[in-house]
Amino acid sequence: ERDRIAVIPGDGIGQEVVPAAVEVLEAVGDFEFVEADAGDAVKAETGDALPQETYDLAAEADATLFGAAGETAADVILPLREAVDSFVNVRPAKAYPGVDALRPETDLVFLRENTEGVYSGHEDRLSEDLSTLTRVVTTSASERLAEFACDYVTDRADAGETPGFHVAHKANVMRETDGRFRDAVVGVADERGVDTDEVLMDAVATHLCLEPETFDVVVCPNLAGDVLSDLAAGLVGGLGLLPSANVGPDRALFEPVHGTAPDIAGDGVANPAATLFSAAMLLQYLGHDDAGERVREATEGVLADGPRTPDLGGDASTEDVTAAVVDRL
Ligand code: NAI
Ligand code: MG
5 ERDRIAVIPG DGIGQEVVPA AVEVLEAVGD FEFVEADAGD AVKAETGDAL
55 PQETYDLAAE ADATLFGAAG ETAADVILPL REAVDSFVNV RPAKAYPGVD
105 ALRPETDLVF LRENTEGVYS GHEDRLSEDL STLTRVVTTS ASERLAEFAC
155 DYVTDRADAG ETPGFHVAHK ANVMRETDGR FRDAVVGVAD ERGVDTDEVL
205 MDAVATHLCL EPETFDVVVC PNLAGDVLSD LAAGLVGGLG LLPSANVGPD
255 RALFEPVHGT APDIAGDGVA NPAATLFSAA MLLQYLGHDD AGERVREATE
305 GVLADGPRTP DLGGDASTED VTAAVVDRL
């Protein structure tokens with residue numbers, strides 16, 4: 005049976021880079037694509053940034069490919085992540101040959117807790133002077149993330165190599181919440197025979213800048229993963245190249261890290277690379293490992309040899325780059 009892929013381009017350059025990814029997916033496999041609306045444009049039309057049928061589609065499809073939404077981004081992406089019950093955000097940051105990077109040695113993956121921490125939404129205004137935020141950390145969510153991380157590094161370890169990951173936290177200060185996070189993650193890893201290196205999250209920021217090659221897989225609480233992965237994006241040449249996956253127990257949603265790029269939307273020059281790498285992750289998630297690898301290699305090949313879009317110093321269009329990737333496939 006064909007995999008059913010929900011396609012949600014959204015606003016701005018989402019309308020340009022998502023069709024590019026669909027073209028590339030069609031070049032390597034036979035899928036059922038179902039397209040749906042989300043974002044500012046559909047809100048202007050219907051009053052609703054995330055129509056129920058779009059939510060239902062993401063909740064039922066085998067995988068979802070999302071572009072970006074404009075001002076309504078939070079109203080779209082948070083419920084979409086919930087639709088796939090996503091508990092982990094996978095964010096690779098890699099420097100590619102042919103692309104100017106501050107730190108060309110960077111090649112790492114953040115596994116970010118995607119449901120709780122300081123993004124749990126429990127904020128209160130207690131007085132004229134005082135507001136508070138409740139940071140939520142559960143053993144169950146931390147262990148679920150750790151199980152995923154153990155599978156992730158075990159799948160990727162070379163024969164004879166002990167798999168391992170870094171755990172970023174600040175349990176020396178947030179003893180109860182990050183203490184719980186750390187104990188849960190390290191506990192699962194110990195049981196699974198996976199090595200862990202604990203690092204304080206602020207120190208990770210420094211080490212990322214100075215010696216990014218010392219990191220491979222970094223498991224983080226929600227906020228730390230958000231900030232540190234954006235930092236890593238800066239090391240490898242900006243947001244236009246970074247893919248991400250929101251993974252749940254039965255389905256997953258894939259999206260470029262970038263937004264709608266209103267400054268270039270409609271010009272046909274958006275870099276499709278981040279969305280093509282997201283499509284490669286989608287293929288691997290669905291078990292099409294070879295096809296995923298081919299898409300990743302073809303996209304890397306075009307980054308190295310051109311044609312390139314203006315953000316990378318070239319003068320090619322989104323379509324030129326997409327055609328070059330399809331050509332390599
Ligand atoms: P942005 O990522 O849209 O743009 C930042 C800069 O990077 C711009 O100069 C843009 O031209 C450039 N850029 C981004 N992606 C590119 C690509 N593929 N090719 C070439 N250049 C690219 O971030 P910004 O400007 O902060 O936000 C714009 C809008 O996007 C806002 O309305 C924001 O809410 C939304 N947004 C949505 C996200 C989502 O749906 N997940 C994520 C981030 C922002
Ligand atoms: Mg962010």
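Count along the sequence shown starting at 1, add 4, and that's the number in UniProt numbering. Every residue gets a Cβ at the ideal spot worked out from N, C-alpha and C, and that includes glycine.
Secondary structure within the stretch 233-321: the beta strand (DSSP E) runs of 3 or more consecutive residues, fully enclosed, are 247-251, 256-260 (chain order). Checking the 7 Å criterion, the Cβ of residue 93 is out of range of every heavy atom belonging to ligand 1.
DSSP places residue 332 in the helix class (H, G or I) of the three-state scheme. With a beta-carbon spacing of about 7 Å, residue 53 and residue 73 fall inside the 8 Å limit used to define contacts.
The beta carbons of residue 182 and residue 225 sit closer together than 8 Å. If you look at residue 103, you'll find it isn't in any beta strand (DSSP E); DSSP assigns it neither H nor E. Separation of residue 331 and residue 15 (C-alpha to C-alpha, rounded to the nearest whole angstrom) is 28 Å.
Relative to ligand 1, residue 266 has its C-beta within less than 7 Å of a heavy atom. Shown here, residue 114 sits in a strand according to DSSP, grouped into three states. About 15 Å separates the beta carbons of residue 255 and residue 40, which is beyond the 8 Å limit, so they are not a contact pair. Around the Cβ of residue 106, a 10 Å sphere holds fewer than 16 other Cβ atoms; the residue is exposed. Contact between the stretch 285-297 and the stretch 120-129 is absent: fewer than three C-beta pairs spanning the two stretches fall below 8 Å. Between ligand 1 and residue 243, a heavy atom-to-CB distance of less than 7 Å is present. According to the DSSP assignment, residue 61 belongs to the alpha helix (DSSP H) that extends over 56-64.
With contacts defined as CB atoms closer than 8 Å, residue 208 and residue 245 fail to qualify as a contacting pair. The DSSP-derived three-state label of residue 173 is strand. DSSP places residue 144 outside any beta strand (DSSP E); the residue lies instead in the alpha helix (DSSP H), whose first and last residues are 143-160. With 16 or more neighbouring CB atoms inside 10 Å of its own CB, residue 13 falls in the buried class.
Secondary structure at residue 163: coil, using DSSP grouped into helix, strand and coil. Cβ neighbours of residue 113 within its own chain (closer than 6 Å, five residues either side excluded): 96, 221.
With fewer than 16 other Cβ atoms from the protein chains shown falling within 10 Å of its own Cβ, residue 166 counts as exposed.
Counting C-beta atoms within 10 angstroms of its own C-beta, residue 161 has fewer than 16 neighbours from the protein chains shown and is therefore classed as exposed. For residue 96, the secondary structure class from DSSP, reduced to helix, strand or coil, is strand.
Taking a cut-off of 8 Å on C-beta distances, the stretch 127-137 does not touch the stretch 291-298, as fewer than three cross pairs fall below it.
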